[in-house]
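Engineer: Just so we're aligned: the sequence shown equals residues -27 to -1, 1 to 932 in mature numbering (1 follows the signal peptide of the UniProt record, and there is no 0).
Just so you know, even glycine gets a beta-carbon here, dropped at the ideal spot from N, CA and C.
Here the structure is a predicted model, which is why all the values come from computation and not from measurement.
Following this message is one structure expressed as C-alpha cells.
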Amino acid sequence: MMNCSMPTLFSLLFFIFFLSIPSFTISFSIRKNIIFCPEIEKQSLLSFKNSLKDPYKLLSSWDAEVNCCDWNRVICSNFTGHVHQLHLQANYYDSSFDQLSGKINPSLLNLKHLTYLNLSHNLFDGETIPSFMGLLSNLEHLDLSEAGFEGKIPHNIGNLSNLRTLHLEVNNVLEVDSLEWLFGLSKLEYLNMDQTNMSRATDWAKVINSLPSLLELHLSQCNLDFSHPPNNVNISTSLTFLDLSENGAYHDKFHQSFIVPVPVPLWCFQLRNLIFLDLSYNNFGGPIPTISNATKIQHINLNDNDFSNSSIPDWLYVCRNLEFVSLSSCSLEGKISDAVANLTSLKTLDLSYNSLSGSIPISLGYLLSLKELYLDGNKFTGNLPESLGQLYNLAALYIDNNKLEGIVTEIHFSNLSKLLSFHASGNRLTLNVGPNWVPPIQLEDLALGSWSFGVDSEIPSWLRMQRNITQLDLSNTGISGNTPRWFFNTWYLNVSHNNLHGTIPQIIGTSENQYLCMRSNKLSGSLPTIGARVNLLDLSHNLFSEGISDLLCNTTNEEYRLRFLLLEGNQLSGELPDCWNNFPALTHLKLGNNTMYGSIPHSIGFLARLESLSLHSNKFSGQMPFTMHNCTNLWKIHLSHNNLNGKLPSWIGTTLVNLEILILHSNKLSGEIPSEICHLQSLKIFDLANNQFSGIIPRCVSNFTAMATKRRLQFKDDHNYIGYAERYSGKGFYLETISESASIWTKGVELQYSTTLSLVTFLDLSMNNLSGDIPKEVTSLVELRSLNLSGNHLTGSIPESIGDMKQLESLDLSNNSLLDQIPNGLSLISSLSHLNVSFNKLIGRIPEGTQLGTLEASSFIGNDLCGPPLTRKCSHDGDEVHPKKEKNEGEKAEIEWLYVFISLGFAVGFSSVCTALVLNKSWRHAYFRLLDCMWDNLCMYFYIKWKRLTKPTASTSPT
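If you want it as C-alpha cells, here you go:
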C-alpha cells in the first residue's frame, strides 16, 4: 500500500474537487434551467415576431422578460444557449388550424447557430421566399411547405451546404427556371418540390442525378419536361424514393388527345437502391422498361399512362419484396400470369381499367398478404375463382365491369372476415346462397349491380345482417317489393332500374352527404320531404304524383346541401313553387316529362350555382324570368315542349357565357334572334325549332367557336356526367356518376344522346318565319354535325362553301325558297347520311357523288332538279344544265319583256299627243307655231355654223 502524506492527500482531494466544479455547475444550471440565450438572439426573435401577424397568439410566450430558451417553439443548445431550432409550423391537424402570416424579418440572420427552421402550413400569401435564407449557413432542415409562398425560388438556397432536408412543396405559385443551384447541396438527403412550376428547368434530370447523398425525391405536379433525358446516369446514386407523378401536359383536358406520349425515362429503372417508384399520370408511352433492381423494389405506381399493345412485364413477377403495384389505366393487354403467386409480400394490386382478358388466375388466392385487389374495368371472362375466398387479409375486392359469369356461393366468402368493400357490378353473376346463410363478413361498401339473386326476387334476407353497410348498389338486379326503411340509413344508395313499388318514408336524409338514386322503379305517392344533408335525390322515371311544394318548401332552418334534384319522367303536376332560395347549393335540376304548369318563378334566380336546368315537356308558360341572369354557371338550358312566349332574352348571350346547350324548340317564342346570342362561344347545341322567330339568321353565328373546334370524348369530363358521390374505398374517394343527356331531332328522327353528348354539335332553326339568305358564315362552323334550317322563308343560293363542313351528318334545308343549283361540294361530305332539300326552287343536275346517290328521291322532290336519285334525266343525253346559261337566258327574257313595255309606253304616249292635237284647235295652232319657230332657229344655227367654217384664217388675212 502506497503511503501518502497528509498534505499530499489533501492536495489531491482539492484538485479533484476543483475539477468537478464546472460539471457540477453545468448540471446544476441545467436542473435549474438557468442557461440563457444570447441577448442578440432574443432581440432578433422579438423583431421577427413583430413582423408577423399572430391573431391566435401562438407566440404569446415570446416575452422580453423571459429567457428565450423557455419560449414555446424555440429550442436552444443545452450547453451554449444558442437558438438551434424554430418550430413555427401551423398545426395542420388541429381543427382550429391557427396560422401565422405577415413578413419574415431578416433579423433571423443573427441566429448564427440555427440548424432547423420550420414555417410550414402558415399563410404567407403573396410573399416570396426571402433570399436572405440562403445566408443561414448552418441550416440542416428547412421546411417552407404549404405556406403560401409564390414567385421564383431564390438560387442562393444552394449556398446552404449543410442542408439535409428541403421542403418547398404545395405553395401558391413557386417556379424555377433552372435547378443548377442544387449542385451546392451535396449533403441533401430529402427534397420535396411538389407543385413547383419547373416547365423551363430542362436540366432537372441531370442535376438530380448529380446529388450524391439524395435518398428521397418528390417532384409531383411540376410540369416536368421529359424530352431531355440525361446522357449519363449515375446508377450508383443512393436514391431509394422517387415520385415524379402527375407531370407534363397530362392534365390538359382540352388538348390531351393531341399530345404524343413520351417514352418512359429509362434512368428511373436503373436506380439500384430504389424502393419506391411513382411515375403515374405522365402520358408515358411505349413498352414498360425492365427494372434493374428486382430485389429491393417495394412500391411501383405506373397508373394512367399509355402503354398500348403492352402486357404486364414478366420482371414484375420476380420482385418478391413488392408490396404495392398499380398499373391502372395503362392500356395494357393480355393475361395475368400464374407467376403472380410469387409476390407473396403483395398487399395492394391494382390492374383496373385496362384491356386485360382471360380468366382471373386461381393463383391470386395464394397471395395471403393481399389487402386490396382491383381488377375492375377489364375484359376478364369465366367464373370468379373460389380461391379468392382464402384471402383472409383482404379488405377491398373490386371486380366490377368485366365479363364474368357463373355462380357465386358461400365458398367465395368463406374466409373473407376482414372484407369491407366488395364491388362486382356490371357482370353476369348469380348469387346462390342458402336462405339461412349468415355471412362471415360485415361489409361497409357493397356493389352488386346487374347481379341475379335467383328465383326469389325479394331483397335478400342476409343483406339485413350487414349492420355496418353505408354504401349499397343493387341497381338492375330485378329486386321487387316495398323499399325497406333501413335502406335510408346508408349515405349512398343505388337501387335504380328495379321493380320496387309503394311509397318511401316522408323524411329521408339523416346520413352525412346522402346520395339516393331510385330512378326507374314503380314508386308512387307524393314526394317525400328531405333532410338538409341530402346531396343527390334521383327519383326520376317513377309514378310519383301531385306537386313538389312539400319537398321544396317544408324546410327547416338548416342549410340544405342538395345539389342534384332529378324528378323527370313522373306524373308530377301543379305549379313550380317559388321557394328555390332554400337550396343555394343546387347545381342540377331536372323536372322534364311531367305535367307541371304555370310560369317559371323568379326565385329560380337564387340558384347561383345552377349548372343544368331541364324543364322540358311540361306546360310552363310566360317568359323566362330575368332573374335567371344570375345563374351564370349554367351550361345547359332545356325548356322545349312548353308554352313559353315572348322574345328570346338578349341577356342570355351577355350573362350566361358558359352555355353549351340551349334547347327551346316547340314553344311560342317570337321576334328576331338577338345578335347578343352570338356571344355564346361555348355553344354546341342550339335549338330554336318550331317557334315563331322572324327576321334573318344572324351573320355573327361564326362566333359559335365550339361548333368550329374539334372535340373528343372524355371519361367523366366536360358535362357528360353530372352527378357524383365521393365514395370511400380502398382506393380513396372516387366518383359515382350519373349521366347527363339531351334529346335532339336530327336525321329525321329524335335521338337521345348521353355518353357521347360532349361530341354533339347541333344547330336547328327550323319551323320558324326566318327570311333572307343562308349566311355564308354558317359554313364556318366546320365541326357542326347537324344543321336544320327547314320550314322557313329563306331565299338565295345554298352557299358554295357548304362543302367545307366535312363533319356534317345531317342537313335539312327543305321547305324554303332557295334558288340555283346544289353546290358540287356537298357531294364531297363523306359523313353526310341525311340530306333534305325538297320543296325549294333549286334547278339543274344533282351533283354526282357516292353519298348523294344513295339518298332517297324524296330528299330532292319539289324542285326543278334532274339526275340520280331522281328518275328525271337531265337534257342533252344527261349533259348538265349549266346554271350560268340558264341565268343568262333568264336575263335575256327579262330584257325582251322590258323592250315590249317600253314600246307599248311610247305608242300609248304618242297616240295620246296626236289625239289631243286633233281635237283641240288652239293646241294644234300653238303646236305648229312651235314647230315653225324650232325650224327657223335650227336653220339659223346651221347657217351661222357654216359661215364660221368658211371664214378666212388669220394667217391669210391682209395686214
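(1) Do G626 and L661 count as a contact pair if the criterion is CB distance below 8 Å?
(2) In the DSSP assignment, the alpha helix (DSSP H) including G626 goes from what residue to what residue?
(3) Give me the Cα-Cα distance between S460 and H514, rounded to the nearest whole angstrom.
(4) Suppose you measure from the CA of K749 to the CA of L736; what does that come to, to the nearest Å?
(5) Measure the C-alpha to C-alpha separation of I261 and W424 and round it to an integer number of angstroms.
(6) Closer than 7 Å to a non-hydrogen atom of the ligand MN - does that hold for the CB of I481?
(7) Taking 8 Å as the cut-off, decide whether the C-beta atoms of S453 and N472 are in contact.
(8) What does the Cβ neighbour count give for Q794, buried or exposed, with the cut at 16 atoms within 10 Å?
(9) Quick check: what's the CA-CA separation for I669 versus N765?
(10) Give every residue of the same chain whose Cβ lies closer than 6 Å to the Cβ of P236, excluding the five residues on either side of it in the sequence, and list them in chain order.
(11) Using DSSP with H/G/I as helix, E/B as strand and the rest coil, what is C10?
(12) If I'm right that N56 touches E14 with Cβ under 8 Å, what's the distance once you round it to whole angstroms?
(13) Considering only the beta carbon of each residue, do G504 and I521 sit closer than 8 Å?
(14) Give the range of the alpha helix (DSSP H) segment to which L178 is assigned.
(15) For T88 and Q243, what's the separation of their Cα atoms in angstroms?
(16) Compare the C-beta of M597 with all C-beta atoms of chain C and state if any pair is closer than 8 Å.
(17) Quick one: Cα of P550 to Cα of P574, how far?
(18) Just checking my contact of D167 with L192 at CB under 8 Å: how many whole Å lie between their CB atoms?
(19) Going by DSSP, what residue range makes up the beta strand (DSSP E) through D446?
(20) If you drop the 5 nearest sequence neighbours on each side, which residues of the same chain put their C-beta closer than 8 Å to that of V143?
(21) What is the residue span of the beta strand (DSSP E) that D511 lies within?
(22) Excluding five sequence neighbours on each side, which residues of the same chain lie with their C-beta closer than 6 Å to the C-beta of L539?
(23) Suppose the cutoff is 6 Å on Cβ atoms and the five residues either side in sequence are ignored; what does the same chain contact list for T476 look like?
(24) Report, in whole angstroms, the separation of the C-beta atoms of G542 and N566, which I expect to be a contact under 8 Å.
(25) Can you look up P358 in the DSSP assignment and give me helix, strand or coil?
(26) In terms of alpha-carbon separation, which member of I8, V180 and N789 lies closest to residue 936?
(27) Would you say E633 and A681 are within 8 Å of each other, going by their C-beta atoms?
(28) Can you tell me whether S731 is helix, strand or coil according to DSSP?
(29) In the DSSP assignment, find the unbroken beta strand (DSSP E) run with S572 in it and report its ends.
(30) Does the distance from the C-beta atom of A368 to that of H396 stay below 8 Å?
(31) From the DSSP secondary-structure annotation, give me the bridge partner or partners of H94.
(32) Quick one: residues in its chain with C-beta nearer than 6 Å to the C-beta of Y374, no 5 flanking neighbours on either side, listed in chain order?
(33) State the DSSP-derived secondary structure class of H55, mapped to helix, strand or coil.
(34) With H, G and I counted as helix, E and B as strand and the rest as coil, what does DSSP make of V235?
(35) I need the DSSP call for H611, collapsed to helix, strand or coil.
(36) Which residue comes first and which comes last in the beta strand (DSSP E) that contains L139?
Structural biologist: The short version:
(1) Taking 8 Å as the cut-off, the beta carbon of L661 is found no closer than this to the beta carbon of G626.
(2) Looking at the DSSP string, the run of the alpha helix (DSSP H) that includes G626 is W624 to T628.
(3) The amino acid at residue 460 is misidentified as Ser; the sequence shows Phe. Our two residues, F460 and H514, have alpha carbons roughly 19 Å apart in a direct line.
(4) Distance between the alpha carbons of K749 and L736 is about 15 Å.
(5) In a straight line, the C-alpha of I261 is about 36 Å away from that of W424.
(6) As far as ligands go, the structure on display features none, and thus does not contain the ligand MN.
(7) The answer is yes: Cβ separation under 8 Å.
(8) Q794 comes out buried.
(9) Cα atoms of I669 and N765: separation of roughly 10 Å, rounded to the nearest angstrom.
(10) G259.
(11) Three-state DSSP puts C10 in coil, outside helix and strand.
(12) Here residue 56 is Val; the residue named in the question, Asn, does not match the sequence. V56 to E14, Cβ: 5 Å. Contact.
(13) Judged by beta-carbon spacing, I521 lies beyond the 8 Å limit of G504, meaning their Cβ atoms are not closer than that value.
(14) Residue identity differs from the one stated: residue 178 is Ala in this sequence, not Leu. Note, A178: alpha helix (DSSP H), W177 to I181.
(15) Rounded to whole angstroms, T88 to Q243 spans 34 Å at the Cα level.
(16) The structure shown contains no chain C, having only a single protein chain.
(17) Approximately 7 Å between the Cα atoms of the pair.
(18) At roughly 7 Å, the Cβ-Cβ gap stays under 8 Å, so D167 and L192 are in contact.
(19) Its beta strand (DSSP E) spans residues Q444 to D446.
(20) Cβ contact annotation for V143 (same chain, cutoff 8 Å, sequence separation greater than five): S118, E119, D167 and Q168, in chain order.
(21) Per DSSP, the unbroken beta strand (DSSP E) holding D511 starts and ends at V507 to D511.
(22) Result list for L539: D511, S513 and K563, in chain order.
(23) So the list reads G498, once near-sequence residues are dropped.
(24) Rounded to the nearest angstrom, the Cβ distance from G542 to N566 is 5 Å, consistent with a contact under 8 Å.
(25) The answer is coil: DSSP assigns P358 none of H, G, I, E or B.
(26) The shown model of the chain, from -27 to 932, leaves out residue 936, and the question about it has no answer.
(27) Result no, Cβ atoms of E633 and A681 do not sit closer than 8 Å.
(28) Helix, per DSSP.
(29) The continuous beta strand (DSSP E) containing S572 extends over residues T568 to S572.
(30) Cβ atoms of A368 and H396: not closer than 8 Å.
(31) Answer is none; H94 lacks a bridge partner.
(32) Looking at the sequence provided, one finds Asn at residue 374 rather than Tyr. Apart from the 5 residues on each side of it in sequence, N374 sits with its Cβ closer than 6 Å to the Cβ of D349, G350 and G399 in its chain, given in chain order.
(33) H55: coil per DSSP, three-state reduction.
(34) V235: strand per DSSP, three-state reduction.
(35) The DSSP-derived three-state label of H611 is strand.
(36) Where L139 is concerned, the enclosing beta strand (DSSP E) starts and stops at T138 to H140.
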